[in-house]
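Trainee: I'd like to ask some things about the structure below.
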Ligand SMILES: O=C(O)CCC(=O)C(=O)O
Ligand SMILES: [Fe+2]
Ligand SMILES: [Mn+2]
């Protein structure tokens with residue numbers, strides 16, 4: 001368990017380095033949203049139609065990927081362990097603010113079945129996966145700052161189930177911040193980030209005050225994500 005938590009800490013540490021690089025970036029400022037309708041559903045928007053189009057196989061949001069009953073089953077399994085931990089707010093250099101986290105290797109059969117569906121939807125059949133599933137519990141006031149997951153410890157694909165709250169995930173091109181996508185992640189959705197979207201763009205979860213999608217406020221509640229990753233090639 002200790003070794004696994006260390007991996008997560010390393011994922012987060014990589015994130016902080018990326019933020020420092022971002023701050024010194026000389027690229028132009030963020031531009032307004034693209035005026036054209038989104039080609040892959042109402043849940044993704046971005047700085048240009050071309051960018052949304054180019055990343056359409058690398059950024060997926062599947063609403064209602066799990067049922068209310070499945071969400072309840074996952075939370076029933078996770079809540080007792082999470083409740084023993086305290087939300088962390090005061091580490092100024094963390095990539096994540098207002099969170100507690102854990103990971104889990106073995107799950108009750110009902111949950112394992114859900115995770116198998118996630119794996120089948122997100123990863124190629126022959127892709128070796130990171131054994132432990134990462135569980136991140138964000139307080140209502142919590143948020144995730146822009147970062148890129150560690151390339152040393154995680155592979156090309158990140159797949160996350162979103163429980164308890166809608167949220168906005170923002171992707172920003174690491175070397176050019178005017179290129180961005182916003183993803184509306186509804187409660188009980190699955191998102192998948194692959195390849196360029198995973199390696200060349202930072203991802204973040206917006207805080208409640210900034211949680212707006214196409215001009216509409218998306219209130220942030222406490223949010224629990226269940227994240228599967230593959231191993232580096
Ligand atoms: O909560 C999520 O969906 C993403 C978490 C994340 O970016 C991370 O742990 O690296
Ligand atoms: Fe991440
Ligand atoms: Mn910390």
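In the UniProt record's numbering, the protein residues as written are 1 to 233. For each residue, glycine too, the CB sits at the ideal point set by N, CA and C. Computed from a prediction, not measured in an experiment: that's the story for all the values here.
(1) Does the Cβ of residue 98 have 16 or more other Cβ atoms within 10 Å, making it buried, or fewer, making it exposed?
(2) Using the beta-carbon count (16 or more within 10 Å), is residue 73 buried or exposed?
(3) So, with DSSP's three-state summary, where would you put residue 258?
(4) Beta carbon of residue 164, beta carbon of residue 224: below 8 angstroms?
(5) Between the segment 183–192 and the segment 148–162, are three or more C-beta pairs nearer than 8 angstroms?
(6) Counting along the chain, where does the alpha helix (DSSP H) carrying residue 180 start and finish?
(7) Flag residue 134 as yes when its Cβ comes closer than 7 angstroms to any non-hydrogen atom of ligand 2, and as no otherwise.
(8) Please state if the CB of residue 171 and the CB of residue 203 are separated by a distance shorter than 8 angstroms.
(9) Pull up the distance between the alpha-carbon of residue 183 and that of residue 168, whole angstroms please.
(10) Please state whether DSSP places residue 82 in a helix, a strand or coil.
(11) Given this structure, state the Cα-to-Cα distance separating residue 92 from residue 138, to the nearest angstrom.
(12) Take the Cβ of residue 60 as the centre, count every other Cβ of all protein chains shown within 10 Å, and call the residue buried at 16 or more, exposed below.
(13) Between residue 195 and the rest of its own chain, which residues show a CB-CB distance below 6 angstroms, the 5 nearest in sequence each way excluded?
(14) Classify residue 64 as helix, strand or coil using the three-state DSSP reduction.
(15) Below 8 angstroms between beta carbons: does that hold for residue 181 and residue 46?
(16) Residue 51 lies in the alpha helix (DSSP H); which residues open and close that run?
(17) Under the DSSP definition of a beta bridge, which residues are partnered with residue 216?
(18) Taking the alpha-carbon positions, what's the residue 130 to residue 120 distance?
(19) Looking at the structure shown, is residue 111 part of a helix, part of a strand, or coil, going by DSSP?
Mentor: Quick answer:
(1) buried
(2) buried
(3) No answer is possible for residue 258: it lies beyond the span of the chain, which begins at 1 and ends at 233.
(4) yes
(5) yes
(6) Premise fails: residue 180 lies in the beta strand (DSSP E), 180–185, not in any alpha helix (DSSP H).
(7) no
(8) yes
(9) 6 angstroms
(10) helix
(11) 16 angstroms
(12) buried
(13) 58 and 156
(14) coil
(15) yes
(16) 49–54
(17) 213
(18) 14 angstroms
(19) helix
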